[in-house]
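Residue numbers (my numbering), protein chains in the order written: chain A, 6 to 314; chain B, 6 to 314.
Yeah, the Cβ is synthetic: ideal placement off N, Cα and C, and Gly gets one too.
A quick write-up on the structure given underneath.
In structure tokens, the structure reads:
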């Protein structure tokens, strides 16, 4: 069983419009709703790969109910979300049919009370007893202390459960001090954390801040991994044209899947890159195509890099 | 009792963002939700003026429940919405805090089945027995026949209830053939109906298509009315700076309020213009400030116009 934590779950709404024009009125031609938040997306990919996965974090209000109603039917996925009094946030992605570009609007999420935060931490500690890995994913909702991830990482380490952290901003800066086994920043998060825009230097710097391994996602350039076993660059076989929504979450799912099945690092990275690429190429945002994934898996280029700083 | 019909009710969501940039990601700083759809807005203004008002139309799903939960506490307002199996639509207004401009995204609404449409028409006919005026407001949801308003107008006329129509596009073109007592188009709707961008000519033309009276809302220029008793222009006392959201709905409420209290046309128009102006000037979109309304009421400039075409 793998555990994913999404403290700021979301009901992800996608609107298609013929062309987005600021300050104009638009008729939405298509509305798609699905459960979201990074850890929920990771869990869906893991379940599709055949893993048993438990989803925790917070859910509340009618949007929280909609989210949970849509998680229940997913085979292999267990809902262990903790109730919160405020309503789960919505995110709205407005897709311009003309350009294919997406404009994203993210609600802040409900304010979590101290009692709710305490209740979550107890549930989390109980859940850790039965899992082989945990991923802490996404932003912190209002009310949750900024150092939350560092605490959750320490709890996981005490329970001897390997922990992956994928977040941004202050939550990332404070979280890395908790010494996660794997840190998965993207290029922007890495630059914000380290002050360096040079990926190789920044990835090594991020690891020195406390992570066991750092796997940086560099968009079309694939993944750069700095681990105790070595440094690798893993690249998709060709430039990918598609929707990058959810590609980072699919990479996290690939890393976790490879971790719990005991794969060596190069194979974990190939799995992560192939899943990520199959997500970019899928017709629906955030989904992945299994055939494409399996076809790409053997074609990811893994290069070992020099380990010196 | 006044009846307002909103076949395509909505949960109106307002997002404030520091600055809207297409194709970027935005953190929403404020989320406001309120029951919407034109007839619901008209009813809220009528209730605030002290009228008893019944709201009908369709509501469904969790968004419909949120909408009804928020209508219930409004004093003077009776909820007679008819259930529909699909979820009530959302509208999202994105307010750019820098410019104050609004970008609007409107979901299409649930598809109404033939059985649901029949159920509505029965409820509507029953409700007509106890009301002194009815307003038919806004767009038609998918599944409702394009000639729906013409039929509802004929039913109201058979019940000797005066009827106001405020809609657009094909629903307006087909609706006017049902001979509503009052037609309330804005400048764009009037031009689309008649092909003329000259308001005076277009308003008279619209009346010849079947309406008893036409009251065109011309934005900052106020209202232009062509009625059996005369032609008037009613203008606010000064240029108004504010948010025009809901100003047209407030004008409809003013016209209905004046109608059921037996005011002559110039006084009805003054009420409509003052309410509309007080809505533009209110700090919250779609609300109106009672003090501003009362202050403006005596300062609306009413000009009788020559009646010849």
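- Going by beta carbons, residue 281 of chain B and residue 256 of chain B fall inside the 9 Å limit.
- Residue 265 of chain B and residue 258 of chain B have their C-alpha atoms roughly 11 Å apart.
- The CB of residue 112 of chain B comes closer than 8 Å to the CB of 20, 33, 36 in chain A, given here in chain order.
- About 6 Å separates the beta carbons of residue 86 of chain B and residue 62 of chain B, which is inside the 8 Å limit, making them a contact pair.
- Residue 173 of chain B and residue 12 of chain A have their C-alpha atoms spaced approximately 44 Å apart.
- Taking the beta carbon of residue 27 of chain B as reference, the chain A residues within 8 Å of it are 25, 27, 101, 106, 108, listed in sequence order.
- If you draw a 10 Å sphere on the C-beta of residue 116 of chain A, you find fewer than 16 other C-beta atoms in it, and that means exposed.
- Shown here for residue 97 of chain A: same chain residues with a beta carbon closer than 7 Å to its own, the five before and five after excluded, namely 18, 20, 110 in chain order.
- DSSP places residue 33 of chain A in the coil class of the three-state scheme, outside both helix and strand.
- Rounded to whole angstroms, the gap between the alpha carbons of residue 26 of chain A and residue 108 of chain B is 8 Å.
- Boundaries of the alpha helix (DSSP H) around residue 279 of chain B: 270 to 286.
- The alpha-carbon of residue 210 of chain A is positioned some 20 Å away from that of residue 224 of chain A.
- Residue 183 of chain B sits in coil when the DSSP states are folded into three classes, being neither helix nor strand.
- Per DSSP, the unbroken alpha helix (DSSP H) holding residue 300 of chain B starts and ends at 295 to 302.
- Nearest to residue 99 of chain B by C-alpha distance, out of B:234, B:300, B:295, B:22, is B:22.
- DSSP, reduced to helix, strand and coil, places residue 130 of chain A within a helical segment of the structure shown.
- Listed by position along chain B, the residues whose Cβ is nearer than 9 Å to that of residue 222 of chain A form an empty set, because the closest Cβ is around 16 Å away.
- In the three-state scheme derived from DSSP, where H, G and I count as helix and E and B as strand, residue 14 of chain B is classed as coil.
- Under a 10 Å Cβ-count criterion, residue 131 of chain A is classified as exposed, with fewer than 16 other Cβ atoms of the shown protein chains found around its own Cβ.
- Interface residue (Cβ-Cβ distance to chain B less than 9 Å): residue 70 of chain A is classified as such.
- Under the DSSP definition of a beta bridge, residue 148 of chain B lacks any partner.
- In the DSSP annotation of this structure, the continuous segment of the alpha helix (DSSP H) that includes residue 68 of chain B starts and ends at 66 to 76.
- Cβ proximity to chain A below 7 Å picks out nothing from the region 182 to 198 of chain B.
- Leaving aside the five residues that flank residue 232 of chain A on each side, the residues in its chain whose CB is nearer than 7 Å to its CB run, in chain order, 218, 270.
- Here residue 7 of chain B is bridged, per DSSP, to B:58, B:138.
- Within 7 Å of the CB of residue 97 of chain B, the CB atoms of chain A belong to 97, in sequence order along the chain.
- Neighbourhood of residue 145 of chain A in chain B, by CB distance below 8 Å: empty, with the nearest CB roughly 13 Å away.
- The three-state secondary structure of residue 191 of chain A, taken from DSSP, is strand.
- Here the alpha carbon of residue 84 of chain A sits roughly 13 Å from the alpha carbon of residue 41 of chain A.
- Between residue 136 of chain B and residue 6 of chain B a beta carbon distance of about 5 Å is seen, short of the 8 Å cut, so the two are scored as contacting.
- Under the Cβ criterion of 9 Å, residue 67 of chain B is counted among the residues facing chain A.
- Between the alpha carbons of residue 147 of chain B and residue 56 of chain A lies a distance of about 41 Å.
- For residue 94 of chain A, the enclosing beta strand (DSSP E) stretches over residues 94 to 101.
- Residue-level contact by beta carbon holds for residue 30 of chain A and chain B, with a gap shorter than 9 Å.
- Between residue 241 of chain B and residue 253 of chain B the beta-carbon gap is near 14 Å, outside 8 Å, which marks them as no contact.
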